[in-house]
Amino acid sequence: TLKPGTMSPEAFLQEAQVMKKLRHEKLVQLYAVVSEEPIYIVTEFMDQGSLLEFLKGQYSAMLRLPQLVDFASQ
């Protein structure tokens, strides 16, 4: 489900429709959205797992500030 106070389900679904059209080798492809509660998104497989788990994991010590800023700006 969407976290309370983030955005309305309607706004999320509208943004997801735009995201489904985006294509780039550096972007995780959004395949589908389940629009009924709870709302789910279906993306391509990420072999390193989620970004959050990647940042918390064994590779976190190798990341430097410029890389983290680059992640945040995207």
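So that you can map any letter, position 52 of the sequence shown is 52 in the UniProt record's numbering, and since no number is skipped, the others follow by simple counting.
Yeah, the Cβ is synthetic: ideal placement off N, Cα and C, and Gly gets one too.
Counting pairs of Cβ atoms below 8 Å between the segment 54 to 68 and the segment 34 to 43, do you hit three or more?
Touching, no, given that fewer than three Cβ pairs across the two stretches are closer than 8 Å.
For Val33 versus Ala61, is the C-beta spacing smaller than 7 Å?
No, the Cβ-Cβ distance between Val33 and Ala61 is not below 7 Å.
What does DSSP give as the partner residues of Val33 in its beta bridges?
Answer is Ile41.
Nearest candidate by alpha-carbon position, reference Pro38, set Leu22, Gln74, Leu13 and Ser73:
Selection Leu22, Gln74, Leu13 and Ser73 evaluated against Pro38 yields Leu13 as nearest (Cα-Cα).
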